[in-house]
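These protein sequence lines are chains A and B, in that order. At position 162 of the first sequence (counting the first as 1) the number is 291 in my numbering, and the numbers step up by one without a gap. At position 22 of the second sequence (counting the first as 1) the number is 151 in my numbering, and the numbers step up by one without a gap. Every residue, glycine too, gets a C-beta built ideally from N, C-alpha and C. On a predicted model such as this, the values are computed, not experimentally measured, just so you know. Everything on this sheet refers to the single structure shown next.
2 protein chains.
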Amino acid sequence: MSDPIEYVRERLAQQDQRLTPQRETVLRVLLDHADTHLTAEEVYLEARNRAPELGLATVYRTLDLFARLGVVRRLDAGEGVARYEFHPEGAGHYHHHLICLECGQILEFEQDLLDRVERAVERETGFRVVDHSLLLFGLCPNCQKPSDGDGDRPRSDREASGPA
Amino acid sequence: MSDPIEYVRERLAQQDQRLTPQRETVLRVLLDHADTHLTAEEVYLEARNRAPELGLATVYRTLDLFARLGVVRRLDAGEGVARYEFHPEGAGHYHHHLICLECGQILEFEQDLLDRVERAVERETGFRVVDHSLLLFGLCPNCQKPSDGDGDRPRSDREASGPA
DNA sequence: CTTCCTGCAAAGGGTTTGCACGCCT
DNA sequence: AGGCGTGCAAACCCTTTGCAGGAAG
């Protein structure tokens, strides 16, 4: 897949669906923020700069469409909002997420070790594993500094809702 | 911790809080369903049979309290509802969850391999990992049977919301 | 009597849906 | 024409919150 946009256009065409201007705008927003994990609202705000008449419902419908199409992944870190990232199925390995309980920042990391876990599970339970979600909660390097020395863990109780 | 109820009572007392009849009811419901992962609504309905005047808000407040106390774990599988299970912190190893995309059933399994992942992450990123959530999505043995042979994966698109 | 706790009802916030109109084939 | 797709606003649903009354130390 050299051009993600054309790739998505074709995947849509296979189902007699079109990459409309609105959908393309949403897609471009995601591509332009490949390093982050945007909420629907954030996508909406950004997309609006480029296509002012676009509606939030369309953003939701588009993200949902892309997710079902397998080109976007939905990430639910238990914050009460879903986050989205461009990530076509089968495009290399899974990546997992590190979520800072203090500032909410989300980092990614690659790890293949999970394959072993999955296979063990399949063997032991008969479950057929199709996908997974691994979230690690903790404190990013920055947020470890401030109050670093007292026994009180700065576990912000309300936000980021902690481990899901 | 031989008696979970007394354990919780003491934990609460440490913070000048009480194990009220309502809270005890909620706790008992959780204990009586240790094998499942109830939603707040389900806890509420069950608890109501035992204490009809109990309100849903109290159930939410209690579950939240227990979660902050570390005796209950909140599980968010991206369904749009949170699920809760009695699971005191430090009571043995983590357990993870297997979620059937077809019937929504949630199985648990134990795995320690994640410690290695966590330590690798801490070393490589400087993140301090405090907790984690591992969800495996797939098909339980039962749901593999029905349409087992056609290429069509019975990936129920709407429910269980798929991988989070 | 002061603090903790509850029930009720209302508010809140993210997401979905109904509907009428527009667009592309 | 016949779908597909969109915008708007309303509807939904889970969860939280404000408030006034109650119970416990």
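Between the C-alpha atoms of F195 (chain B) and V210 (chain A) there is a straight-line separation of about 23 Å. Chain-order list of chain A residues neighbouring R245 (chain B): L242, by C-beta distance under 9 Å. As computed with DSSP, G209 (chain A) is found in no beta bridge at all. For L185 (chain A), not one C-beta of chain B is nearer than 8 Å to its own C-beta. Of all residues in the region 259-274 of chain A, only V259, D260, H261, S262, L263, L264, L265, F266, G267, L268, C269, P270, Q273 come within less than 8 Å of chain B when Cβ atoms are compared, listed by chain position. A straight line joining the alpha-carbon of R252 (chain B) with that of D164 (chain A) spans about 21 Å.
T191 (chain B) does not reach chain A, its nearest Cβ partner there being about 16 Å away, counting only Cβ pairs nearer than 7 Å. A direct Cα-Cα distance of roughly 54 Å separates D132 (chain A) from L156 (chain B). Interface criterion met: the Cβ of L227 (chain A) is under 8 Å from a Cβ in chain B. Per DSSP, D193 (chain A) is one residue of the alpha helix (DSSP H) stretching across 185-198. For E153 (chain B), the enclosing alpha helix (DSSP H) begins and ends at 150-161. Across the structure, G255 (chain B) and P270 (chain A) are spaced so that their CA atoms are roughly 5 Å apart.
Straight across, the Cα-Cα distance linking E175 (chain A) with D241 (chain A) is about 33 Å. Between the alpha carbons of E247 (chain A) and E171 (chain A) lies a distance of about 33 Å. Between H166 (chain B) and R212 (chain B), the beta carbon gap of about 4 Å places them in contact (Cβ cut-off 8 Å). Among the residues of the region 196-220 of chain B, those with a Cβ less than 7 Å away from any Cβ of chain A are R197, R203, L204, D205, G207, in the order of the chain. Interface annotation, R257 (chain A): in contact with chain B, CB-CB separation under 8 Å. Chain-order list of chain B residues neighbouring L230 (chain A): V259, by C-beta distance under 8 Å. Contact between L183 (chain A) and Q146 (chain A) does not hold, since their C-beta atoms are separated by about 18 Å, which reaches or exceeds 8 Å. In the DSSP assignment, C229 (chain B) is bridged to B:G267. The CB of L236 (chain A) comes closer than 8 Å to the CB of T254, F256 in chain B, given here in chain order. The beta-bridge partner set that DSSP reports for D260 (chain A) consists of B:F266. Per DSSP, L174 (chain A) is not a residue of any beta strand (DSSP E); the alpha helix (DSSP H) it occupies stretches across 169-179.
CA-to-CA, the gap between H226 (chain B) and R190 (chain A) works out to about 29 Å. When Cβ-Cβ separations below 8 Å define contact, V172 (chain B) makes no contact with chain A. The beta carbons of V200 (chain B) and V137 (chain B) sit closer together than 8 Å. In the DSSP assignment, E239 (chain B) falls within the beta strand (DSSP E) that extends over 235-239. At a cut-off of 8 Å between beta-carbon atoms, V250 (chain A) makes contact with chain B.
Taking all protein chains shown into account, D244 (chain A) has fewer than 16 neighbouring C-beta atoms within 10 Å of its C-beta and is therefore exposed. If you check the CB distance, T154 (chain B) and A180 (chain B) come in under 8 Å. For R147 (chain B), the secondary structure class from DSSP, reduced to helix, strand or coil, is coil. In the three-state reduction of the DSSP assignment, L242 (chain B) falls in the coil class, being assigned neither a helical nor a strand state.
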